[in-house]
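Residue numbers (the numbering used here): 950 to 1065. Idealized CB from N, CA, C, for every residue including glycine. Following: one structure in structure tokens, then a few remarks.
Written out as structure tokens, the structure reads:
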């Protein structure tokens, strides 16, 4: 739908006003284009908005249509601050990537490996 498309762009672009207006504790875990708002925000490294949707009750271990968790998205896209927030909010670090690898093996970054 047009509304879903607008929300997806807002999440990817970190459009705070649209996100504050459209995301509530009632819909924070609803899928937007096959993934939760937290997946989109983690993928694009929007630190403050990641904190915001977690505060609203976002499921930090939700799976998207590719069987990825928000933590995996943040690791794959190399967003260490987001990874720290997700872990401190209860994200499962023992989760395996869709191809069966431990998440720590899904990054080349020494900083990221240390966090994990």
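- Here residue 985 has 978, 1011 as same chain residues with Cβ atoms under 6 Å from its own Cβ, once five neighbours each way along the sequence are excluded.
- Counted as a single uninterrupted DSSP element, the stretch harbouring residue 1015 is not any alpha helix (DSSP H), since DSSP gives it neither H nor E.
- The residue among 966, 1009, 969, 973 with its C-alpha nearest the C-alpha of residue 992 is 1009.
- With respect to the 8 Å criterion, residue 1052 and residue 1046 are classified as neighbours on the basis of their beta carbons.
- In this structure, residue 987 sits near residue 1019, with a CB-CB distance shorter than 8 Å.
- Straight-line spacing of the CA atoms in residue 1033 and residue 1064 works out to 7 Å.
- With fewer than 16 other Cβ atoms from the protein chains shown falling within 10 Å of its own Cβ, residue 1004 counts as exposed.
- In the structure shown, residue 981 adopts extended strand secondary structure according to DSSP, grouped into three states.
- In terms of Cβ geometry, residue 1021 and residue 1044 form a close pair [threshold 8 Å].
- According to DSSP, residue 986 shares a beta bridge with no other residue.
- Pairing residue 996 with residue 1031 gives a Cβ-Cβ distance under 8 Å.
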